[in-house]
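Chemist: Residue numbers (our numbering): 1 to 292.
In this text, a Cβ means the ideal position worked out from N, Cα and C, and glycines have one as well.
Quick one: the structure is below, and I'll ask about it shortly.
In structure tokens, the structure reads:
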């Protein structure tokens, strides 16, 4: 019985809590990034005639040269500025990618002269040189873009992760959980008089596979389609909010929430469907093993 309780703890920790924590972290990060976009969409573009130190600006410019390893010159229509990229996250908008790619400056090595930058921050002078910098609460927002289009529309449309439940924590949590539960099932079978406990543990170990095997796979496909629709409604809500269409934004937001709940219901149904089928199959196998 102790092994079953331990198995339940492993199940909750590695299959629910850790992936759920990753999903919540992604959603919070997206919410923070989105609010930052709404804020910077209201600030003026930095021009030669409005160089007010301490004020917030947006700036669009092309990579002109490197002042040092971490400081670059950007050339705009009427002036050039510097930005210090040390320890900053760089967001890349690629015309061949449906998502915004986030990376550390130290990991980028392919920037060439003429690369387009969008920068959002506060104006500061250092030795007479204009810099855009972050504040105490917010880092400088730097976007590298390939292609054309409205920058805020593109960031809102591509910025959110397409599947938050599959995040950087999920694969490691699943692998660890499966291995631990298989080991617990083995020890339970070898040491426990009640062999059925081993069955319960092995049934829990199959959790990551119950989403992608038929017939539960049907529900998973429907879940993914519904989730994509919810994301599209969310994007439409954000774009309308950006343009000041409050009522339309609220309507799309409500639709997004409804479809999102429906998609999660389909996700759970697919899991339960395969869980029941796997339980029946494994139970029959255990009966054959135990009684034969």
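Are the CB atoms of residue 140 and residue 134 nearer to each other than 7 Å?
Modeler: Position 140 of the chain shown holds residue 140. Position 134 of the chain shown holds residue 134. Their beta carbons are under 7 Å apart, which means residue 140 touches residue 134 by this criterion.
Chemist: Starting from the C-beta of residue 105, find all residues in its chain whose C-beta is less than 6 Å away, skip the five residues before and the five after it, and write them out in chain order.
Modeler: Within the chain shown, the letter at position 105 stands for residue 105. The answer, listed in chain order, is 85, 88 and 90.
Chemist: Can you tell me which of the three DSSP states residue 64 falls into?
Modeler: Within the chain shown, numbered from 1, the residue matching residue 64 stands at position 64. Of the three classes helix, strand and coil, the one that applies to residue 64 here is strand, per DSSP.
Chemist: Helix or strand or just coil, what does DSSP make of residue 214?
Modeler: Counting from 1 along the chain shown, the entry for residue 214 is found at position 214. Residue 214: coil per DSSP, three-state reduction.
Chemist: Would you mind reading off the limits of the beta strand (DSSP E) that contains residue 141?
Modeler: For the purposes of this step, residue 141 is identified with residue 141 of the chain shown, where counting begins at 1. Unbroken beta strand (DSSP E) run through residue 141: 141 to 145.
Chemist: Does DSSP put residue 104 in a helix, in a strand, or in coil?
Modeler: For this step, residue 104 is matched to residue 104 along the chain shown. Residue 104 falls in the strand class under three-state DSSP.
Chemist: To the nearest angstrom, report how far apart residue 205 and residue 27 are at their CA atoms.
Modeler: Taking the first residue of the chain shown as 1, we reach residue 205 at position 205. Taking the first residue of the chain shown as 1, we reach residue 27 at position 27. Those two C-alpha atoms are separated by around 27 Å.
Chemist: Is the beta carbon of residue 213 less than 7 Å from the beta carbon of residue 279?
Modeler: Numbered from its first residue, the chain shown carries residue 213 at position 213. Numbered from its first residue, the chain shown carries residue 279 at position 279. Not a contact, by the Cβ cut-off of 7 Å.
Chemist: CB residue 274 to CB residue 210, shorter than 7 Å?
Modeler: As a working note, residue 274 is residue 274 in the chain shown. As a working note, residue 210 is residue 210 in the chain shown. Closer than 7 Å, so yes.
Chemist: Take residue 145 as the anchor and find which of 124, 114 and 47 has the nearest alpha-carbon.
Modeler: Here residue 145 refers to the residue found at position 145 when the chain shown is read from its first residue. For residue 145, the nearest C-alpha among the options comes from 114.
Chemist: For the beta strand (DSSP E) containing residue 129, name the first residue and the last one.
Modeler: To locate residue 129, count along the chain shown from 1; it is residue 129. First-last of the beta strand (DSSP E) with residue 129: 129 to 133.
Chemist: Quick check: the Cα distance between residue 267 and residue 122, rounded to an integer number of angstroms?
Modeler: Start at 1 with the first residue of the chain shown, and residue 267 comes out as number 267. Start at 1 with the first residue of the chain shown, and residue 122 comes out as number 122. Looking at the two C-alpha atoms, the distance is approximately 44 Å.
Chemist: Can the beta-carbon of residue 168 be found less than 7 Å from the beta-carbon of residue 227?
Modeler: The residue given as residue 168 occupies position 168 in the chain shown. The residue given as residue 227 occupies position 227 in the chain shown. No.
Chemist: From the DSSP output, read off the bridge partner residues of residue 72.
Modeler: Indexing the chain shown from 1 puts residue 72 at position 72. According to DSSP, which records beta bridges pairwise, residue 72 is partnered with 66 and 83.
Chemist: How about residue 20: is its C-beta nearer than 7 Å to some C-beta of chain D?
Modeler: Absent here is chain D; the protein component of the structure consists of one chain.
Chemist: CB residue 43 to CB residue 58, shorter than 7 Å?
Modeler: Within the chain shown, residue 43 is the residue found at index 43, counting from 1. Within the chain shown, residue 58 is the residue found at index 58, counting from 1. Cβ distance < 7 Å, so residue 43 and residue 58 count as in contact.
Chemist: In whole angstroms, give me the CA-to-CA distance for residue 68 and residue 75.
Modeler: Here the question's residue 68 lines up with position 68 in the chain shown. Here the question's residue 75 lines up with position 75 in the chain shown. Answer to the nearest angstrom: the Cα atoms are 16 Å apart.
Chemist: Among residues of its own chain, excluding the 5 on either side of residue 101, which ones have a beta-carbon nearer than 6 Å to its beta-carbon?
Modeler: Translated into positions along the chain shown, residue 101 becomes position 101. Answer for residue 101: 92, listed in chain order.
Chemist: Return the CA-CA distance between residue 35 and residue 260, expressed in angstroms with no decimal places.
Modeler: On the chain shown, residue 35 is found 35 positions in, with the first residue counted as 1. On the chain shown, residue 260 is found 260 positions in, with the first residue counted as 1. Using only the alpha carbons, I get a separation of about 21 Å.
Chemist: So, helix, strand or coil for residue 55, using DSSP?
Modeler: Start at 1 with the first residue of the chain shown, and residue 55 comes out as number 55. DSSP places residue 55 in coil when its eight states are reduced to three.
Chemist: Looking at the secondary structure, which residues open and close the beta strand (DSSP E) in which residue 153 lies?
Modeler: If you number the chain shown from 1, residue 153 lands on position 153. Counting along the chain, residue 153 falls outside any beta strand (DSSP E), though it belongs to the alpha helix (DSSP H) covering 151 to 158.
Chemist: Would you mind giving the Cβ-Cβ distance between residue 188 and residue 201, rounded to the nearest angstrom? I have them listed as a contact below 8 Å.
Modeler: Along the chain shown, one-based indexing puts residue 188 at 188. Along the chain shown, one-based indexing puts residue 201 at 201. So it is a contact: roughly 6 Å between Cβ atoms.
Chemist: From the DSSP output, in three-state form, read off residue 262 for me.
Modeler: Within the chain shown, residue 262 is the residue found at index 262, counting from 1. Residue 262 falls in the helix class under three-state DSSP.
Chemist: Which residue wins for smallest C-alpha separation from residue 8, given the options 197, 225 and 243?
Modeler: If you number the chain shown from 1, residue 8 lands on position 8. Cα-wise, what sits closest to residue 8 is 197.
Chemist: How would you write the range of the alpha helix (DSSP H) that residue 20 sits in, first residue to last?
Modeler: Position 20 of the chain shown, counted from the start, is the residue given in the question as residue 20. From DSSP, the alpha helix (DSSP H) with residue 20 extends over 18 to 40.
Chemist: Contact check, residue 152 vs residue 41 under 8 Å by CB: the rounded distance?
Modeler: Within the chain shown, the letter at position 152 stands for residue 152. Within the chain shown, the letter at position 41 stands for residue 41. 5 Å between Cβ atoms; contact.
Chemist: Sorted by chain position, which residues of the same chain lie with C-beta nearer than 6 Å to residue 236's C-beta, five sequence neighbours on each side aside?
Modeler: Your numbering for residue 236 matches position 236 in the chain shown. Same-chain partners within the cutoff: 252.
Chemist: Going by C-alpha to C-alpha distance, which of 24, 38 and 142 sits closest to residue 61?
Modeler: Taking the first residue of the chain shown as 1, we reach residue 61 at position 61. Comparing Cα positions, the closest option is 142.
Chemist: Could you name the residues that DSSP lists as bridge partners for residue 121?
Modeler: As a working mapping, residue 121 is identified with position 121 in the chain shown. Note: residue 121 sits in a beta bridge opposite 57.
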